[in-house]
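A quick write-up on the structure given underneath.
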Amino acid sequence: MRAAFSDTLVRLAKADPNVLLLTGDHGYALFDDFRRECPAQYINAGIAEQNMVGMAAGLARTGFRPFVYGLSAFIPVRVLEQIKLDIAHDHLPVILIGDGAGFVYSHLGTSHQSTEDMACTRAIPDLSVYSPADRFEVSACMALAYQTKVPVYLRMGKSDRGDVHTHDLSQVKAGQLLQVKAGQAGAISLIATGALVRTALDIAQASYPEASVWSAPFIKPMDSQQVITICAQSRAVMVLEEHSVLGGLGSVITEIASEFAPVRILRVGVQDRFSQHCGTYEYLLKEHGLDRPAVEQRIRDFLIAN
Amino acid sequence: MTDLPATPTRTTMASFDARALRKTVLDMAFAGSTVHIGCAFSIIELLAVLYRSHLRYPGNDPQATDRDYLVLSKGHGVMAQYACMRELGWLKDEAFSGYFADGSDLKGLSDSRIPGLEVTSGSLGHGFSVGLGMAMGAKLRGTDQKTYALVGDGEINEGPIWEGALFAAHHELKNFIVIVDENGFQAMGRTQDVLRLGAIQSKFESFGFEARTIDGHDEAAIDHAIEQLWASSSTAPKALIAKTVKGKGVPFMEHNNIWHYTRLNQETYAQALAAVAGSAS
Numbered sequence: 000m001r002a003a004f005s006d007t008l009v010r011l012a013k014a015d016p017n018v019l020l021l022t023g024d025h026g027y028a029l030f031d032d033f034r035r036e037c038p039a040q041y042i043n044a045g046i047a048e049q050n051m052v053g054m055a056a057g058l059a060r061t062g063f064r065p066f067v068y069g070l071s072a073f074i075p076v077r078v079l080e081q082i083k084l085d086i087a088h089d090h091l092p093v094i095l096i097g098d099g100a101g102f103v104y105s106h107l108g109t110s111h112q113s114t115e116d117m118a119c120t121r122a123i124p125d126l127s128v129y130s131p132a133d134r135f136e137v138s139a140c141m142a143l144a145y146q147t148k149v150p151v152y153l154r155m156g157k158s159d160r161g162d163v164h165t166h167d168l169s170q171v172k173a174g175q176l177l178q179v180k181a182g183q184a185g186a187i188s189l190i191a192t193g194a195l196v197r198t199a200l201d202i203a204q205a206s207y208p209e210a211s212v213w214s215a216p217f218i219k220p221m222d223s224q225q226v227i228t229i230c231a232q233s234r235a236v237m238v239l240e241e242h243s244v245l246g247g248l249g250s251v252i253t254e255i256a257s258e259f260a261p262v263r264i265l266r267v268g269v270q271d272r273f274s275q276h277c278g279t280y281e282y283l284l285k286e287h288g289l290d291r292p293a294v295e296q297r298i299r300d301f302l303i304a305n
Numbered sequence: 000m001t002d003l004p005a006t007p008t009r010t011t012m013a014s015f016d017a018r019a020l021r022k023t024v025l026d027m028a029f030a031g032s033t034v035h036i037g038c039a040f041s042i043i044e045l046l047a048v049l050y051r052s053h054l055r056y057p058g059n060d061p062q063a064t065d066r067d068y069l070v071l072s073k074g075h076g077v078m079a080q081y082a083c084m085r086e087l088g089w090l091k092d093e094a095f096s097g098y099f100a101d102g103s104d105l106k107g108l109s110d111s112r113i114p115g116l117e118v119t120s121g122s123l124g125h126g127f128s129v130g131l132g133m134a135m136g137a138k139l140r141g142t143d144q145k146t147y148a149l150v151g152d153g154e155i156n157e158g159p160i161w162e163g164a165l166f167a168a169h170h171e172l173k174n175f176i177v178i179v180d181e182n183g184f185q186a187m188g189r190t191q192d193v194l195r196l197g198a199i200q201s202k203f204e205s206f207g208f209e210a211r212t213i214d215g216h217d218e219a220a221i222d223h224a225i226e227q228l229w230a231s232s233s234t235a236p237k238a239l240i241a242k243t244v245k246g247k248g249v250p251f252m253e254h255n256n257i258w259h260y261t262r263l264n265q266e267t268y269a270q271a272l273a274a275v276a277g278s279a280s
């Protein structure tokens, strides 16, 4: 996924000299190619994210196309007001990249973990929020963000959990849910985003062959009609995300369904608490009940109760 | 990277008389029953000199692609900028007559949706960084557009100012001037008492700026200092520290921080108008 990110960024920058990459002193090896191929378009703004995001707005005002890179614990959370006032308020085409979303920095603790970024950003007017699941979605999301010329926050989660798609997604539209497993009407549906799309797919393939599985690379905008259709055709909907259950994808789906297509919805995500311990990524998923066995158990319990 | 003209030309013939600008501010503040009069009065002469003698807006177009940039980072002073924009013809009298009424476009703090205002400020410490981005953009494009960021002395409590100061010096943004409106007050009192700033000029110099301190109400001094800073052969960004008086022009407002918050009534409005009319420009 990170290779796809780097490749896409280099491709866009080589095609358009207005593309700039700003980093808050992060992404060392990730930007080797970019620095080699497009050195004049690379700005390390230092460990100074507030100034960096404000400058990105100024650069966009003069016609540049800034990509602003940081860890998702900092971009967007530390600079939320700069995103709101300097960028989103004026619809400036700045693409904010938050890397290492969720529990990717599992050993480092709370400061580097990020499970509130989608909730924070989706409440900002005119800001789009993308959450790709694999390298195909990363490339498609970046290309779409560049083409649409709107402010975008793109969250990148765990990069090594495997693809959920098998082919290029260049025709994808903003807001579209992507089916990664076909199912039957009247069965359950699983909707997931980011790293947990892989988990949803694995669970469905193993235990719920009649279930449909959808990836949601777009948290905002969201194709409400598609959500309504999925909910209306499902016995129950399971929403999976490596993000707080407060304000993320589960909230988006639930908000739409409650108004237009009421259905039982299980929100599988991070409960309202910080990590207690450190460890591997897999350990942190387990601590928060987001590892595959825990998610399977929650789905079973939910279906028994409903 | 683009074919922008290298040297925009000035076209405005407006006078930017300080007394007239202050009267416009008083009329707005009284009609709209608004605050921040003191914040606007301290920067009247700074804005008058910038618009009269330095800022280039080809075709008198506030959105000309090759304009210079004036970023009012201290958005609380926006009434002073509205007054200048009226002189330029960018804001019509109709916009002023309904100021602060329901549906008014002119807000109490700077809003970039008004052509001529570059940023949405009021939350402090933002405009400086956006201005740096504009200056960096001009440098990358190789144009000679200049960027002015007007900040308050209280505003430079904010961290992004100093993040940006590091960046501006490191990247030798010689096309950038930060103008500090040093009126000695912030919202809750004297800067000396709230969060002591010390010597602002030497602070910016220590960050790598070329800096000067002047009387921020002496238009000739302002003009001369800006000329000299631009004439410098240094690649350093510039800082102009303008010693000003909050509420300048109306004796009962000067150095009286209550005029950060207080609204005019009929009596104080009449007194202020008389004071402004009698003051030297």
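Protein chains in written order, with numbering that gives the first Met the number 0: chain A, 0 to 305; chain B, 0 to 280. We put the beta carbon where it would ideally sit given N, CA and C, even for glycine.
Chain-order list of residues whose beta-carbon lies under 7 angstroms from that of residue i (same chain, five-residue window excluded)
| i | result |
| --- | --- |
| residue 233 (chain B) | 173 and 209 |
| residue 224 (chain B) | 211, 213 and 239 |
| residue 62 (chain B) | 114 |
| residue 280 (chain B) | Unreliable placement is indicated for residue 280 (chain B), whose pLDDT of 44 sits below 50; no coordinate value is reported for it. |
| residue 104 (chain B) | 94 and 113 |
| residue 5 (chain B) | With a pLDDT of only 42 at residue 5 (chain B), under the threshold of 50, the placement of this residue in the model should not be trusted; the figure read from the coordinates follows. Around residue 5 (chain B): 142 and 143. |
| residue 23 (chain B) | 82 and 85 |
| residue 262 (chain A) | 230, 233, 235, 236 and 256 |
| residue 90 (chain B) | 81 and 84 |
Contact list for residue i against chain A, beta-carbon separation under 9 angstroms
| i | result |
| --- | --- |
| residue 137 (chain B) | 61 |
| residue 125 (chain B) | 49, 53, 56, 80, 81, 84 and 85 |
Same chain, Cβ closer than 8 angstroms to residue i, neighbours up to 5 away in sequence not counted
| i | result |
| --- | --- |
| residue 262 (chain B) | 28, 32, 33 and 34 |
| residue 14 (chain B) | 51 and 86 |
| residue 36 (chain A) | 9, 12 and 13 |
| residue 265 (chain A) | 235, 236, 237, 238, 297, 298 and 301 |
Proximity winner among the options, relative to residue i (alpha-carbon distances)
| i | options | result |
| --- | --- | --- |
| residue 316 (chain B) | B:240, B:207, B:235 and B:236 | With chain B covering 0 to 280 only, the question about residue 316 (chain B) has no answer from this structure. |
| residue 286 (chain B) | B:244, B:193 and B:176 | Coverage of chain B is limited to positions 0 through 280, which leaves residue 286 (chain B) absent and any answer about it impossible. |
| residue 299 (chain A) | A:287, A:245 and A:187 | A:187 |
| residue 269 (chain A) | A:276, A:74 and A:287 | A:287 |
| residue 190 (chain A) | A:241, A:156 and A:166 | A:241 |
| residue 158 (chain A) | A:244, A:302, A:99 and A:289 | A:99 |
| residue 259 (chain A) | A:5, A:223, A:196 and A:93 | A:223 |
| residue 267 (chain A) | A:296, A:25, A:81 and A:135 | A:296 |
| residue 94 (chain A) | A:285, A:125 and A:302 | A:125 |
| residue 25 (chain B) | B:200, B:130, B:96 and B:183 | B:96 |
| residue 70 (chain B) | B:92, B:188 and B:110 | B:110 |
| residue 173 (chain A) | A:225, A:181, A:201 and A:166 | A:225 |
| residue 246 (chain A) | A:104, A:198 and A:122 | A:122 |
Contacts that residue i makes with chain B (C-beta to C-beta distance below 8 angstroms)
| i | result |
| --- | --- |
| residue 87 (chain A) | Within 8 angstroms Cβ-Cβ: nothing; residue 87 (chain A) doesn't reach chain B, min ~10 angstroms. |
Bridge partner(s) assigned by DSSP for residue i
| i | result |
| --- | --- |
| residue 219 (chain A) | A:128 |
| residue 148 (chain B) | B:70 and B:177 |
| residue 18 (chain A) | A:64 |
| residue 185 (chain B) | B:188 |
| residue 212 (chain B) | B:240 |
| residue 190 (chain A) | A:213 and A:238 |
| residue 108 (chain B) | Paired residues: none, contrary to the question. |
| residue 180 (chain A) | A:212 |
| residue 98 (chain A) | A:70 |
| residue 264 (chain A) | A:236 |
| residue 154 (chain A) | A:97 |
Neighbouring residues, chain B, relative to residue i (Cβ below 9 angstroms)
| i | result |
| --- | --- |
| residue 309 (chain A) | Outside the shown range of chain A (0 to 305) lies residue 309 (chain A), about which nothing can therefore be said. |
Chain-order list of residues whose beta-carbon lies under 6 angstroms from that of residue i (same chain, five-residue window excluded)
| i | result |
| --- | --- |
| residue 260 (chain B) | 34 |
| residue 67 (chain B) | 54, 55, 144 and 145 |
| residue 200 (chain B) | 210, 212 and 240 |
| residue 53 (chain A) | 81 and 85 |
| residue 136 (chain A) | 216 |
| residue 145 (chain A) | 11 |
Distance cut-off 7 angstroms: residue i Cβ against heavy atoms of the ligand PLP
| i | result |
| --- | --- |
| residue 52 (chain A) | Of ligands this structure carries none, so the ligand PLP is not represented either. |
Whole-angstrom C-beta distance between residue j and residue i, which should lie under 8 angstroms
| i | j | result |
| --- | --- | --- |
| residue 211 (chain A) | residue 175 (chain A) | At roughly 15 angstroms, the Cβ-Cβ gap does not stay under 8 angstroms, so residue 211 (chain A) and residue 175 (chain A) are not in contact. |
| residue 163 (chain A) | residue 196 (chain A) | 5 angstroms |
| residue 55 (chain A) | residue 65 (chain A) | 4 angstroms |
| residue 76 (chain A) | residue 119 (chain A) | 6 angstroms |
| residue 76 (chain B) | residue 42 (chain B) | 5 angstroms |
| residue 37 (chain B) | residue 197 (chain B) | Incorrect: roughly 23 angstroms between the Cβ atoms, too far for contact. |
Amino acids of chain A, ordered along the chain, whose beta-carbon sits closer than 8 angstroms to that of residue i
| i | result |
| --- | --- |
| residue 133 (chain B) | 57, 58, 60 and 61 |
| residue 122 (chain B) | 80 and 84 |
| residue 119 (chain B) | 84, 85, 88 and 89 |
| residue 129 (chain B) | 53, 54, 56, 57, 60 and 85 |
| residue 111 (chain B) | 88 and 89 |
Within chain A, partners of residue i - CB distance below 7 angstroms
| i | result |
| --- | --- |
| residue 159 (chain B) | 49, 50 and 53 |
| residue 103 (chain B) | By Cβ distance, chain A contributes nothing, its closest Cβ being about 18 angstroms from residue 103 (chain B), past 7 angstroms. |
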